[in-house]
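Residue numbers (our numbering), protein chains in the order written: chain A, 89 to 379; chain B, 179 to 348; chain C, 35 to 269. Each residue gets a CB set at the ideal place from its N, CA and C atoms; glycine is no exception. Here the structure is laid out as structure tokens; the discussion comes afterwards.
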Amino acid sequence: MKSAAFDYVKPNSIEEVFSLLRQYGDDARILAGGQTLLATLNMRLSEPQLVIDITGLKALRGMRVQDERLHIGALVTHTEIENSPLVAQHAPVLSQAAPHIAHRAIRNSGTWGGSLAYGDPAAEWPCCLCALDGTVHLQGPDGARRVSATDFFQDLYTTALEPGEIVTGADLPVSTAADWYGFDELARRHGDYAVAGLAVAARFKGTVAQKVNLCFLGIGAVPVRAWRTESVLAGKTLEEATVEIAVASLKAELDPLPDLTHAPATKRHLATVLARRLLTAAHASRSAITA
Amino acid sequence: MAELHSLQIEVNGQKQQRSVQPRQHLVDFIRNDLGLKGSHLGCEHGVCGACTVELDGHIVRGCLTLAVQAQGCKVRTIEGLSEDGDVRDLQEAFIRHNALQCGFCTPGMVMAAKELLQARPDATRTEVREWMSGNYCRCTGYHAIVDAICETLAARAQKGTGQPTDQVNA
Amino acid sequence: MELSGDLVISATRAQVWAALNNPDILAACIPGCEGVEVVSPTEKTARVAVKVGPVRARFSGRIRMDDVVEAERCAMSFEGSGGAAGMARGQSQVELSDEGQSTRLRYTVQASVAGKLGQVGGRMIDAAAKQMADQFFAAFQKHIAPAVEIGALDSGSPRPASAGGGDVVDAPSGSGPLASSEPGADAAPSPAHRAAGRPSGQAAAPAAADEWLRVKWFVLGSLATGLGVWIGARL
């Protein structure tokens, strides 16, 4: 159906954005890619008075590597990340995850910052950023601040964003030769919201995994780091026996929320399927390199 | 409540100027203000793909794009794409394979496939299916559509029609 | 959607029962609640502003109590309409039992959401209901648990919340006004704990604090108005 009427403004400065947010409060909505917002407005699941288009804020565009970290601006689109040689080199897990985000037409408009700001439990970027121990950049009328990804996503659709603040970007540590990254998700159809997904960031010495970050999407209200299983894996070689130990650990550790069509047990099982796949792939890849 | 915004936009190579309500999305503008009925509306919340149009060289969901967001941009609809002849071979393949019955999804399908042909000229059948999964068809069962696209990919590869061009947002 | 929970509240059964039936306390504890009215001893209506992710919907609903055993148990049925967003309906069962000086509260909820919210938000309903219930019970515990500091006036962010404190920011989609769920206390580490800690859950203490705030703002407002009138008169 059609959206209810609203006013539209496209500020040239971030100060203007803050001023409007202060004035309108929750009656104003931020528009970047609009792939979530406009669907919501079209269905009249929200009827704001004002839509603030922030795509005029050029400082929020672009990607760059600085001090061993890759910084991605809030307005960078999913397709830009998908196609970026910088990302492929420095944060390959993002390149792997990008094709899973909805569909191409949506990826051409949707943004990195939008995905982080909403913090959908099935979203790819919040999961990847948590796996990488990245940092979210926020800015408000009182200034700029940074929040670690694992602290940023607090509860269902609840982030550390205060009213009046916007996400300006996020940065993450760049990949090194000792690192292996993997991403996979399971959905009923390609492009659907995932039932479960996993981002793995591992640092190896030979075939010994010194550190393995496991972050799940679609399992909880926020991206779920499997801390206990991560410590089980640290310092181990990821052969079959170890992978099965990790799977057993995950079964004990994960406490998935159900959704309309999947019981917690199903989600738990699917999470272990993904873990098996990716940990096995990591081992195969590192064995091939060090062979 | 909302005041009208003045919109300058180029559609299928023609410059247009209109006054629009902010809430009006791009496909409603194209269909109702410009009379171009080739772009269709199915779900109006971004999942069916019938509304797919080209904005500054890349496909977007027309129902999830406000007309005012396209201020100063170049839009191409199925009408413009057909006239330009970019995908004449694909369209002919569609007909040969009976890849359209009622035709409602077809403009969106052709738009989405167009970007695949540009960005993924060596796509496998699986990759074609994944790429096109954002466009729904209620008539054909999809295989004929995938067949038409694969055939076009193969024919172009054989002819060696240039390098992949993956246009991204400016 | 089905949910159940089990929590201990530091108050007597009679106190807990009274609080659960008190419209002002309910209004203060239900996330996003804008008001609860008593229609009869076994029926209430409520208005709740639901805010989950991009969604903003106002639900108005009705809660009916059946099988009431005073201070011990009751069954509730609820239904709410969210306008264009859809509808919610369900049942819940609540049981109170003594646990030393405290009360053990056990509940189960079955709820469904229909309409667009159900269609689009279907995959979120369990998570949203759990969040709403966590927030409700966290606020409820604060409301009726005795050890609350009056000095909580300046801690956190004293957004001048309106009476009935429905100023909660993060209410999830509607399983109706009184969708109860898991206790905040023993849920997984981060989410419920943080949710409970957010400045939005109105505690009982700032009842006095709220009043003081209101007086302060009223005085400021009057002064500002007076000044404005004085300036205006001079122009």
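For the candidate residues the options, whose alpha-carbon lies nearest to that of residue i?
{"i": "B/A245", "options": "A/Y96, A/T378, A/C218", "result": "A/Y96"}
{"i": "A/H278", "options": "B/R334, B/E305, B/A322", "result": "B/E305"}
{"i": "A/T167", "options": "A/S197, A/V300, A/S373, A/R157", "result": "A/S197"}
{"i": "C/S146", "options": "C/Q169, C/F170, C/V128, C/F112", "result": "C/F112"}
{"i": "A/G231", "options": "A/R313, A/T256, A/W213", "result": "A/T256"}
{"i": "B/C229", "options": "B/Q296, B/I327, B/R303, B/A290", "result": "B/A290"}
{"i": "A/E318", "options": "A/K293, A/N130, A/L367, A/Y206", "result": "A/L367"}
{"i": "A/W268", "options": "A/Q242, A/T295, A/D343, A/L244", "result": "A/T295"}
{"i": "A/W315", "options": "A/G285, A/G161, A/N301", "result": "A/N301"}
{"i": "A/D280", "options": "B/L204, B/T284, B/G216, B/M310", "result": "B/M310"}
{"i": "A/K146", "options": "A/E156, A/L138, A/I160, A/P136", "result": "A/I160"}
{"i": "A/L217", "options": "A/A359, A/R195, A/G270", "result": "A/G270"}
{"i": "B/L242", "options": "B/C251, B/I256, B/G227, B/L259", "result": "B/G227"}
{"i": "B/D211", "options": "B/C315, B/Q186, B/G224, B/A335", "result": "B/Q186"}
Under a CB-based cut-off of 8 Å, is residue i close to chain A?
{"i": "C/L151", "result": "yes"}
{"i": "C/D160", "result": "yes"}
{"i": "B/I208", "result": "no"}
{"i": "C/Q165", "result": "yes"}
{"i": "B/L182", "result": "no"}
{"i": "B/G216", "result": "no"}
{"i": "B/V238", "result": "yes"}
{"i": "B/R201", "result": "yes"}
{"i": "C/L41", "result": "no"}
{"i": "C/V154", "result": "yes"}
{"i": "C/R123", "result": "no"}
{"i": "C/G190", "result": "Residue confidence for C/G190 is low, a pLDDT of 39 falling below 50, so the modelled location carries little weight; the figure read from the coordinates is stated next. Judged by the 8 Å Cβ criterion, C/G190 is not in contact with chain A."}
{"i": "B/G319", "result": "no"}
{"i": "C/R157", "result": "yes"}
{"i": "B/E270", "result": "no"}
{"i": "B/T330", "result": "no"}
Would you please verify whether the beta carbon of residue i is less than 8 Å from any beta carbon of chain B?
{"i": "A/S91", "result": "yes"}
{"i": "A/D208", "result": "no"}
{"i": "A/R277", "result": "yes"}
{"i": "A/R365", "result": "no"}
{"i": "A/Y96", "result": "yes"}
From residue i to residue j, what does the alpha carbon distance come to, in whole angstroms?
{"i": "B/H275", "j": "B/D325", "result": "7 Å"}
{"i": "C/V89", "j": "A/H191", "result": "22 Å"}
{"i": "C/G116", "j": "C/A122", "result": "8 Å"}
{"i": "C/I43", "j": "C/C108", "result": "17 Å"}
{"i": "C/V154", "j": "C/G120", "result": "10 Å"}
{"i": "A/S134", "j": "A/A93", "result": "11 Å"}
{"i": "B/A301", "j": "A/A193", "result": "17 Å"}
{"i": "C/L130", "j": "C/I59", "result": "18 Å"}
{"i": "B/G235", "j": "C/E77", "result": "59 Å"}
{"i": "A/T325", "j": "A/S172", "result": "32 Å"}
{"i": "A/M89", "j": "A/T247", "result": "30 Å"}
{"i": "A/R110", "j": "A/G252", "result": "6 Å"}
{"i": "C/G185", "j": "C/Q135", "result": "Caution applies to C/G185, whose pLDDT of 38 falls short of 50 and renders its modelled position unreliable; the value that the coordinates give is listed next. When rounded, the distance between both Cα atoms is 26 Å."}
{"i": "B/L295", "j": "B/I323", "result": "14 Å"}
{"i": "B/C317", "j": "A/A219", "result": "42 Å"}
{"i": "C/V72", "j": "A/E273", "result": "48 Å"}
{"i": "A/T165", "j": "A/R195", "result": "7 Å"}
{"i": "C/V50", "j": "C/A105", "result": "8 Å"}
{"i": "A/P311", "j": "A/G122", "result": "22 Å"}
{"i": "A/R356", "j": "C/P65", "result": "30 Å"}
{"i": "B/Q269", "j": "A/Y112", "result": "49 Å"}
Shorter than 8 Å from the beta carbon of residue i to some beta carbon of chain C?
{"i": "A/R316", "result": "no"}
{"i": "A/D230", "result": "no"}
{"i": "A/A309", "result": "yes"}
{"i": "A/P99", "result": "no"}
{"i": "A/L174", "result": "no"}
{"i": "A/D155", "result": "no"}
Does any heavy atom of the ligand ZN sit closer than 7 Å to the C-beta of residue i?
{"i": "A/A237", "result": "As presented, the structure is devoid of all ligands, the ligand ZN included, so that no description of it is given."}
| query | According to a CB-to-CB cut-off of less than 7 Å, which residues of the stretch 91-120 of chain C neighbour chain A? | reply | A91, A118, A119
| request: Closer than 9 Å, Cβ to Cβ, to anything on chain A: give me those residues from the stretch 65-94 of chain C, in chain order. | output: K85, V86, G87, P88, V89, R90, A91
| Short-range partners of chain C found in the stretch 252-275 of chain A, where Cβ spacing is below 9 Å | none
| query | Residue ranges of each beta strand (DSSP E) run of no fewer than 3 residues wholly in the stretch 94-173 of chain C, ordered along the chain? | reply | 107-115, 121-133, 136-148
| query | Given a limit of 9 Å on CB to CB distance, which residues of the stretch 244-266 of chain B reach chain A? | reply | L244, V246, Q247, Q249
| request: Could you please tell me which residues of the stretch 284-315 of chain B, in chain order, have their CB closer than 7 Å to any CB of chain A? | output: A290, E293, E308, W309, S311, G312
| What are the residues of the stretch 121-151 of chain A that lie near chain C, defined by any Cβ-Cβ distance shorter than 9 Å? | T124, L125, A127, T128, L129, M131, R132, L133, S134, E135, P136
| task | Using a Cβ-Cβ cut-off of less than 8 Å, give me the residues of the stretch 184-212 of chain A that come near chain B, in sequence order. | result | P187, A190, H191, R192, A193, I194, N196, S197
| Which ranges does the alpha helix (DSSP H) cover as unbroken runs of at least 4 residues, wholly within the stretch 227-312 of chain B, from first to last along the chain? | 256-262, 266-274, 284-297, 303-309
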